[in-house]
Amino acid sequence: MRPFPIFLEPPGGTTAAPSGAAAAAAQPTAPRPRAGQRGWVPGEPGLWVFLLGDMTMFGVFFVAFLVQRGEDPATFAHSREALTVAVGAINTVVLLTSSLLVALAVRAHRDGARERSRGLVAGAAACGALFAVIKVAEWATKLADGHHPDSDLFFTYYYLLTGVHFLHVLIGGCVLTFWLRRLGRAPRAGEERVVEGCASYWHMVDLLWVVLFPVLYLSAT
Amino acid sequence: MPFPRLDVRPQLWCAACGYVFPILVLLALFGTGVLPAQSPNDSAEAIAAWYQDDHTRKLLGFAGGAVGLGLLGPLTIAITIQMFRIEGRSPAMALLNLAAGTFTWVLTIVPMIILCATAFRPDRNPEITQFGHDLGWIMFFMGFAPFAAQDVAIAVAILRDRSRRPVFPRWLAWFNLWVGFLFAPAIVIPFFHVGPFTYRGVLAFWIPTLIYGLWAIVMAFYTQRAIRDQEREENGDPATPTAPAAGDRTAEPVAA
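Going line by line, the protein sequences match chains F and B.
Using my numbering, the first residue of the first sequence is number 4, and each one after it goes up by one.
Using my numbering, the first residue of the second sequence is number 2, and each one after it goes up by one.
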């Protein structure tokens, strides 16, 4: 009588002991290309399915926004003036700083300076938190001024685009926390790939904002 | 104790439903013209008139959609069984996939039934017809929210599969996460009467509908591949003598 249905059995069955180490030694993996070399991909290649796909989705959002703005330029131009460009600009600087810290952290990690890398990631996470606080304060101000998501189509897009981006920042916060925790432990094989994956995600969050800021705050019709 | 040969054919049939389902649903809904849905910005009279015009064809469309969406369940079952192989005795993500997939299954068929009921009496008060129309389509597209949970469950299971011979390719995890993100905009459908986020707009309707079809086909293909791997592992395959023996899916981490 088997203790578990077949799909719930421990790997390798209940009888045969797995000889994983020997099997792993028998199948050497090809060396990974180094950073900057031909064939090198930051993080793991599959991650880019997600990153490029996500950026495509934002691209469609931006096109939808621009098409609708073209249909009603007066409303969009008028409502855009209610936004405070300085707040958006400060947030842009905050996110760009965090991206720089993340890039420096990856470099420090490659050089084996774990402690320095950890400090840099913590700095990037602090910038991300600052961005979130400024964003929430901005939303609160706009709501207090009577600009609601259903005020007009511009504000619908404003709350929607910044909201979806905010969701990306929150997930980014989880990613950076995961990265920090990883750095607090002993190094593991293949860690560089994980670190690059986290950094790539954070750079995407930054890049999306760098496009979002001029589209929403700056561009006149 | 020897065991009878593993018969994976029912699993393969379940997975194959993933190929048939999007084709059947898209044919039924687009072929009869019930999709794209009448605009939420139309008057109650315009929507009622649409239901009155050739109303048997519309009934056929909604009924056909319900039949096609029925095939979503078997695909979820096949994916769940393969996720059991990844997770072994701690199948949290597999069961989340099962629960979320079942919920999506129900929450996409029920709107088809509501729309059938809307088309059932075309001569009633137009405002009631409009309500049925709104209820059906808003439920249909917002019902995809638990589908995002299914995507995340699949992605987490695949990313945590550290065996030397993973059940699914790793990029499939990232693909699932992307699909889950794409369905997020469907949440805002009730806020819009015009534009790309309405239940006939590009972001809340066209992209999720077509991507969902693509997702089903991609998952059906890789689930069938995983099922064939399972068959080879557990039965051995005389045709390929190099096939790994049972138990090769050890929990040994891969050196990246």
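A virtual CB, placed ideally from N, CA and C, is assigned to each residue, including glycine.
Predicted model only: the values in this text are computed from it and were never measured.
Collapsing the DSSP output to three states places PHE198(B) in coil. If you check each beta-carbon in the stretch 199–215 of chain F against every beta-carbon of chain B, none falls closer than 7 Å. Using a Cβ-Cβ cut-off of 8 Å, ILE208(B) counts as an interface residue toward chain F, since at least one Cβ of chain F sits closer than that to its own. Against chain B, the CB of ASP57(F) has a partner CB under 8 Å away; the residue lies at that interface.
Around the CB of ALA93(B), fewer than 16 other CB atoms lie within 10 Å, so the residue is classed as exposed. The closest CA to that of LEU99(F), considering only LEU221(F), SER222(F) and VAL213(F), is found on VAL213(F).
By the CB criterion at 8 Å, VAL107(B) and GLY69(B) fall outside the cutoff. Chain-order list of chain F residues neighbouring PHE176(B): GLY49, VAL52, PHE53 and GLY56, by C-beta distance under 9 Å. Its chain contains CYS18, VAL21 and PHE22 as the residues whose beta carbon lies nearer than 6 Å to that of LEU72(B), once the 5 sequence neighbours on both sides are disregarded; these appear in chain order.
When DSSP states are grouped into helix, strand and coil, ALA29(B) belongs to the helix group. Your pair ALA67(B) and ILE114(B) checks out as a contact, with CB atoms roughly 6 Å apart and the cut at 8 Å. With 16 or more other CB atoms across the displayed protein chains lying within 10 angstroms of its CB, ASN177(B) is buried. Remark: C-beta atoms of ALA64(B) and THR81(B) do not approach each other more closely than 8 Å.
Leaving aside the five residues that flank VAL208(F) on each side, the residues in its chain whose CB is nearer than 7 Å to its CB run, in chain order, HIS171, VAL172 and GLY175.
Within chain F, the C-beta atoms nearer than 7 Å to that of VAL189(B) come from LEU163, in chain order. By the CB criterion at 8 Å, THR109(B) and PHE141(B) fall inside the cutoff. Taking the beta carbon of PHE182(B) as reference, the chain F residues within 7 Å of it are ASP57 and MET60, listed in sequence order. Between the stretch 212–226 of chain B and the stretch 82–98 of chain F there are fewer than three inter-stretch CB-CB distances shorter than 8 Å, so the stretches are not counted as touching.
When Cβ-Cβ separations below 8 Å define contact, ALA221(B) makes no contact with chain F. Residue contact check for ARG6(B) against chain F: no CB pair falls below 8 Å. A direct Cα-to-Cα measurement between GLY62(B) and GLN231(B) gives close to 38 Å. Assigned with DSSP and collapsed to three states, PHE192(B) falls in helix. A Cβ-Cβ distance of about 11 Å is found for the pair LEU163(F) and PHE61(F), leaving them out of contact under the 8 Å criterion.
Sequence-ordered contacts of the stretch 150–183 of chain F with chain B read PRO152, ASP153, LEU156, THR159, LEU163, VAL167 and LEU170 [C-beta pairs closer than 8 Å].
For ALA80(F), the closest Cβ of chain B is not nearer than 8 Å.
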